[in-house]
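Undergrad:
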Amino acid sequence: MVHDGVLGVDVGGTHIRAAAITLEGKVIARRQTACRAVEGFEAVVARLAATVAEAAEAGGLPPDAPVGVALPGPVNPHTGVLGLAPNLPGWHDVPVRDVLTARLGRPVIAGNDLNVAALGEWRYGAGKGLRHLIFLGVGTGVGGGVIVDGQLLQGRDGLATEPGHMVVSLDGPPCHCGGRGCLEAFAAGWAIARDARQLLDSGMPSVLTEMQAERGEELTGAMVTGAAQNGDGLALEVMTRVGHALGLGIASLVHIFNPEIVAIGGGVATAGEVLFGPLRAALDAQLMAPFAVGLRVVPSALVEDAGLLGAGVLAAGAE
Ligand SMILES: [Zn+2]
Numbered sequence: 017m018v019h020d021g022v023l024g025v026d027v028g029g030t031h032i033r034a035a036a037i038t039l040e041g042k043v044i045a046r047r048q049t050a051c052r053a054v055e056g057f058e059a060v061v062a063r064l065a066a067t068v069a070e071a072a073e074a075g076g077l078p079p080d081a082p083v084g085v086a087l088p089g090p091v092n093p094h095t096g097v098l099g100l101a102p103n104l105p106g107w108h109d110v111p112v113r114d115v116l117t118a119r120l121g122r123p124v125i126a127g128n129d130l131n132v133a134a135l136g137e138w139r140y141g142a143g144k145g146l147r148h149l150i151f152l153g154v155g156t157g158v159g160g161g162v163i164v165d166g167q168l169l170q171g172r173d174g175l176a177t178e179p180g181h182m183v184v185s186l187d188g189p190p191c192h193c194g195g196r197g198c199l200e201a202f203a204a205g206w207a208i209a210r211d212a213r214q215l216l217d218s219g220m221p222s223v224l225t226e227m228q229a230e231r232g233e234e235l236t237g238a239m240v241t242g243a244a245q246n247g248d249g250l251a252l253e254v255m256t257r258v259g260h261a262l263g264l265g266i267a268s269l270v271h272i273f274n275p276e277i278v279a280i281g282g283g284v285a286t287a288g289e290v291l292f293g294p295l296r297a298a299l300d301a302q303l304m305a306p307f308a309v310g311l312r313v314v315p316s317a318l319v320e321d322a323g324l325l326g327a328g329v330l331a332a333g334a335e
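The sequence shown: position 161 = 177 (the numbering used here), numbered continuously.
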């Protein structure tokens, strides 16, 4: 039986995930494979094509069902060329739309993964039925996407938006982008680990000392988040600073875009009240009153499927 539907693909540094999706946003079949990005462009494209073919067959989709692809880097919406994607060696300045269209034999639209996640969250998740949404992904990095008046904001070259590199502090810590004081330099996993390490080095007691010794691992953002949820003082201090930085960043975004909802996804966003408490306090203190009326700040409803379902939204526009 042949179904109406589209294909969504989410390409990350570790996995390629593909799904057959109905036009109502229901996943009817999904397949996943290791990305093994170090093997380079050709090898990853071959695995992507195989995974898409399996998902299409399992979902009973016709050979011309369109494909949306979420990639970990900016894609120019006019040329379909992928810009810098640090997690995909060999993909820099590649015409991904044309290459994948030829390889898959289907219409393809590609986009930046966090813009795509914003589309998914807007159409099928926390922003369903609304017209103005900001999506933030807070995990190993900080990124996001903005929907204004029912349209994804992409800018001249598809580089918009990079809320993680919005400056939230004068003289703040250095960021991976080369700037200083960016939101990412306070809220990404690596920044959380850095702050916790600094407090540990200053002699502050914490369960993180034992956790690190037991596991023999580098401190991670996830370890700090977990310790904060268990009431560890040092970890709580770190997460309070993270929430504060996110609250200030979100206040700036809300002042610029006046959204109805801000949805927060990514690993750090699963921290719960240890993050959202200080985040809301900073946001309330910073926000001008009219912007706060009716504004909702919520965890992502789609969680890790935001990118996959958003790729389906892209695909629906690919015919
Ligand atoms: Zn930065």
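Every residue gets a Cβ at the ideal spot worked out from N, C-alpha and C, and that includes glycine.
1) Run through the DSSP bridge pairs and tell me what D26 is partnered with.
2) Give every residue of the same chain whose Cβ lies closer than 7 Å to the Cβ of P105, excluding the five residues on either side of it in the sequence, and list them in chain order.
3) Thinking C-alpha only, which one of G328, G288 and H271 is nearest A305?
4) By DSSP, does P315 sit in helix, in strand, or in coil?
5) State buried or exposed for S222, treating a residue as buried only when at least 16 other CB atoms are found within 10 Å of its CB.
6) How long is the line joining the alpha carbons of V240 and G232, rounded to whole angstroms?
7) Under 8 Å from any heavy atom of ligand 1, does the C-beta of G89 make it?
8) Quick check: the Cα distance between D248 and L299, rounded to an integer number of angstroms?
9) Which value, in whole angstroms, describes the spacing of the CA atoms of G259 and F202?
10) In terms of alpha-carbon separation, which member of L324, L311 and A331 lies closest to R147?
11) Can you check whether the CB of A244 is closer than 9 Å to the CB of M227?
12) Please name the residue or residues paired with A279 in a DSSP beta bridge.
13) Considering V270, what are the terminal residues of the beta strand (DSSP E) in which it resides?
14) Judging by CA-CA distance, which residue of V115, G96, A36 and P93 is the nearest neighbour of T67?
15) Measure the C-alpha to C-alpha separation of P93 and V83 and round it to an integer number of angstroms.
16) Helix, strand or coil: how does DSSP classify N131 here?
17) Taking 7 Å as the limit between beta carbons, can you name the residues of its chain near A142, skipping five residues before and five after?
18) Check each candidate in A34, I266, G21 and L120 and name the one with the smallest Cα separation from E320.
19) So that I know if they touch, is there some Cβ in chain D lying closer than 9 Å to that of R231?
20) With DSSP as the reference, identify every bridge partner of G159, one or two as the case may be.
21) From this set, F292, R47 and G171, which residue's C-alpha is nearest A71's C-alpha?
22) Short of 7 Å in beta carbon distance, which residues of its chain neighbour L337, apart from the five on each side in sequence? Order them along the chain.
23) Do you know whose CA, among L252, G323 and V309, lies nearest E289's CA?
24) Give me the DSSP bridge partner(s) of L98.
25) Just verifying my parser: in three-state terms, what is the DSSP assignment at T241?
26) Looking only at C-alpha atoms, which of T117, N246, G75 and L149 sits nearest to L168?
27) Based on DSSP bridge pairs, tell me the residues matched to T49.
TA: In terms of the structure at hand:
1) R33 and A86
2) A53, V54 and G56
3) H271
4) strand
5) buried
6) 15 Å
7) no
8) 24 Å
9) 9 Å
10) L311
11) no
12) F151 and V314
13) From DSSP, V270 is part of no beta strand (DSSP E) but of the alpha helix (DSSP H) over G249 to F273.
14) A36
15) 15 Å
16) helix
17) I277, A279, V314, S316 and A317
18) A34
19) Reference to chain D is not applicable here, since this structure consists of a single protein chain.
20) G153
21) R47
22) Because the chain spans 17 through 335 in this model, residue 337 falls outside it and cannot be assessed.
23) L252
24) V91 and V110
25) helix
26) L149
27) I32
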